[in-house]
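S.K.: The sequence shown begins at 1 in full-length UniProt numbering and counts up by one. The structure under discussion is supplied below as structure tokens; questions concerning it will follow.
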Amino acid sequence: MTNNSQPMPEKPKMGDYKRHLLVCTGPRCTENGEAQALFETLGEKFKAAGIDKGELRVKRTRAHCFATCKSGPIMCVQPDGIWYYNVNEANLQRIIDEHLVGGRPVEELIYHQSVCVVP
């Protein structure tokens with residue numbers, strides 16, 4: 001129920017995207033800030049790969065904790081339900097090239113895969 005005396009705030013705007021990459025930047029995942037450093041490179045890497053706009057656009061978001069605090073940096077690709085670990089610079093490039101652009105998950109870096117079931 002809305003209060004008619006208060007105007008509704010303006011709706012946020014968001015462009016369409018094919019995948020959503022979530023990056024854990026919490027302090028227990030990587031103690032020296034490696035995950036945050038990787039996150040900060042994503043804009044340039046996505047642009048270079050051509051996934052910063054258009055039909056392959058990937059939205060990126062940092063998260064504080066996934067509660068799976070081992071072998072980070074850790075990333076999750078949705079809606080694919082793919083969870084990656086040990087995402088160093090080289091592995092990140094493989095994930096971008098093979099999964100986000102090519103559509104083939106990098107099997108040896110996956111530690112969990114789940115399919116979202118909607119009733």
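Note that CB positions come from ideal geometry on N, CA and C, so glycine has one too.
1. Determine whether the beta carbon atoms of Leu22 and Cys76 lie at a separation below 8 angstroms.
2. Which residue from Lys13, Phe46, Tyr111 puts its Cα closest to that of Val87?
3. Between Val115, Ile82, Ala90, Ser114, which lies nearest to Arg104 when the distance is taken from Cα to Cα?
4. Could you tell me the boundaries of the beta strand (DSSP E) in which Gly63 lies?
5. So, for Ala35: in the same chain, excluding its five sequence neighbours on each side, which residues have a beta-carbon less than 7 angstroms away from its beta-carbon?
6. Do you know how far the Cα of Met8 is from the Cα of Glu89?
M.R.: To lay it out plainly:
1. In this structure, Cys76 lies closer than 8 angstroms to Leu22 by Cβ.
2. Residue Tyr111 is the option with its Cα nearest to Val87.
3. Looking at Val115, Ile82, Ala90, Ser114, the one whose alpha-carbon comes closest to that of Arg104 is Ile82.
4. The sequence shown places Ala at residue 63, rather than the Gly named in the question. Counting along the chain, the beta strand (DSSP E) containing Ala63 begins and ends at 58 to 63.
5. The residues Val23, Cys24, Thr25, Cys29, Gly72, Pro73, in chain order, have a CB closer than 7 angstroms to that of Ala35 in the same chain once the five nearest residues on each side in sequence are set aside.
6. Each residue's Cα considered, the two are about 43 angstroms apart.
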